[in-house]
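Take a look at the structure below.
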Amino acid sequence: MFHLPRRHIPRMGRRRKPICNGQASFGGGRRSGNNSAFPTATGKSLLTEIRQLCEKKSKAELELIKCANDPTVLAIRETRKKMYFGIRESETSALMEAAFKVAGLKNGGCLTLFGENAALPHGGGTDRKLGVHDFALLDCRACLYEYPSNVARTFALYDSRILAEQKRIWGAVSGTQNIAFTTAEVGVVAKRIDKAAHLFLK
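Residue 112 in our numbering is what sits at position 111 of the sequence shown, and the numbering runs on without skipping anything.
Printed below as a string of structure tokens:
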């Protein structure tokens, strides 16, 4: 059992599901509601209007996303404490699912990959056992108050024997991410962030 820090959850008015799913309905009452919200939009441009609205998060929405991410990170940390050399990828995923339930998160899932498998974060694992020279990748998602979290962490256990070349690569990836974070500001074109990351790796 672990306890989550108590955070202020902003008032969002009447509880409702997020609408930013890339879809829209143009029939019945929804059409009149859409017309009220977007009086100048045509049926063809309405999805663009909605997408542009969803791309800009209010402070309240950002706080809700943070509230979803925080317990996900804590669930990963709790799972890490229970991991050991020889544990399988599937067993680690099961530990994550149990941690999500303790944290009150719903629809939780975790792609768990060890060693060389972790180089393919969107690929399928082989239910590999965790070795002493392995990094572990946990790519997790869950929902809190119907807001999704998406958190990925790459780490080694305290007693792991990570090789120098592995540390060099890990440091390069970490540095690239830091460059991207510092480059990303309001108004910055996305390709500039990508370019900064590539230049760092060179």
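Note that beta-carbon positions come from the ideal geometry of N, C-alpha and C, so glycine has one too.
Give me, in chain order, the residues of the same chain whose beta-carbon lies closer than 7 Å to that of ASN151; leave out the 5 immediate sequence neighbours on both sides. ARG142
### Message
For LEU130 and LEU114, I'd like the C-alpha separation in whole angstroms.
### Response
Note on residue identity: the sequence assigns Lys, not Leu, to residue 130. Each residue's alpha carbon lies about 9 Å from the other.
Practice item. Could you pull out every residue in the same chain whose Cβ sits closer than 7 Å to the Cβ of VAL133, ignoring the five residues on either side in sequence? Key: PHE86, SER161 and ARG162
VAL190 to ILE88 span [Cα, whole Å]: 43 Å
Contiguous alpha helix (DSSP H) assignments of at least 4 residues, all confined to the segment 42 to 114: 47 to 56, 60 to 83 and 90 to 104
Next on the checklist: DSSP has LEU145 in a bridge; who is on the other side?
Outcome noted: TYR148
Measure how close the beta-carbons of ALA69 and TYR148 come, nearest whole angstrom, since I'm counting them as under 8 Å. 5 Å
Worksheet entry | Start and end residues, alpha helix (DSSP H) containing THR177 | 165 to 184
Can you tell me the Cα-Cα spacing of ALA95 and ILE180, whole angstroms?
-> 34 Å
message = Can you check which of these residues, LYS57, GLU50 and LEU48, is closest to GLY188 by C-alpha distance?
response = LYS57
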